[in-house]
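See structure below.
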Amino acid sequence: MRSYTLAICENEKVQAQFIQKILQEYAEANKLHFYLPIFESAEAFLFEYAENKEVDLLFLDIQMNEMDGLSLADTLRQQLDQVKIIFITGLTEHIGEGYRVAASDYLIKPIKKEQLFTVVERVLNSVPKESSYLIINYEDEQIKVAAESIICAEIMGRELFIRTIERDYLIKSTMQELAKQLDEEHFIQTNRSWLVNCQHIERVKKTEVIMDNGMEIPISRRNSKVVTQAFINYFRKE
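If you read the sequence shown in UniProt numbering, its first letter stands for residue 1, the second for the next number, and so on.
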């Protein structure tokens with residue numbers, strides 16, 4: 001399951017929550033995972049974005065207090081940031097102003113569900129396929145992890161251990177919750193406790209898989225044929 005971060009910068013709380021709700025409906029209907037943080041001001045977004053720039057799409061209200069949406073977009077572009085922006089406005093005369101900051105689209109208030117679905121689908125289709133991520137809650141933070149960087153995951157009691165190329169994570173989650181965010185053609189469970197990324201399998205033996213980092217992951221008897229076939233299918237497509 002592909003994951004995206006769609007930030008909502010809107011000073012009207014009811015409007016922001018409405019957009020968040022509709023986006024969640026879109027994600028569920030299309031078997032996607034959306035992380036949907038809300039920011040009530042441009043300043044709040046900039047503060048957070050300076051720490052974590054992993055945003056695929058920004059829904060940005062043009063008319064806000066203090067710094068407005070256009071000023072925020074200008075700031076992002078001056079930093080050579082290419083985050084995709086969808087402006088939200090109640091005034092059609094603002095539409096032309098978005099071209100100078102390369103806005104991807106506009107949503108005119110009052111926003112309609114069908115309009116939002118159409119815009120989101122078009123913009124997300126322009127996001128490169130390789131930018132597939134999942135969102136994990138790690139040490140009270142929402143962390144965006146590239147799916148292709150995951151080598152394997154193991155259930156350890158009530159926690160989930162995730163090993164990536166860069167680092168390890170130990171989080172409160174289940175294997176089922178993790179699997180929902182991942183492409184089932186790329187990831188396969190070798191037994192009840194382990195999930196592996198086919199991209200990082202070096203070879204498959206009868207009772208274990210050898211990962212490209214040297215790890216040896218056990219395969220249950222009932223999963224042996226399934227794991228072998230998943231490994232073959234993955235590299236045939238590659």
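Glycine is no exception: its CB is placed at the ideal position from the N, C-alpha and C atoms.
- Fully contained in the UniProt domain "HTH LytTR-type" (134-233) are the following beta strand (DSSP E) runs of length 3 or more, in chain order: 141-146, 150-156, 159-164, 168-171, 187-189, 194-197, 201-204, 208-211 and 216-218.
- The beta carbon of TYR138 sits closer than 6 Å to those of TYR169 and ILE171, all from its chain and outside the five residues before and after it, given in chain order.
- In the DSSP annotation of this structure, the continuous segment of the alpha helix (DSSP H) that includes SER71 starts and ends at 69-78.
- Comparing C-alpha distances from ARG122 to each of TYR133, ILE86 and ALA153 shows the shortest one belongs to ILE86.
- When rounded, the separation of the alpha-carbon atoms in ASP61 and PHE18 is 13 Å.
- Here PHE59 is bridged, per DSSP, to ILE8 and ILE86.
- In this structure, ILE38 and GLN63 do not form a Cβ contact; the two beta carbons are roughly 17 Å apart against a cut-off of 8 Å.
- Beta-bridge annotation (DSSP): TYR49 is not paired with any residue.
- A residue is called buried once 16 or more other Cβ atoms fall within 10 Å of its Cβ, and ARG163 is buried on that count.
- Segment contact: the stretch 106-115 against the stretch 134-151, fewer than three CB-CB distances shorter than 8 Å; contact not assigned.
- Within the DSSP bridge table, the entry for ASP105 names ILE86 as partners.
- According to DSSP, PHE39 shares a beta bridge with CYS9.
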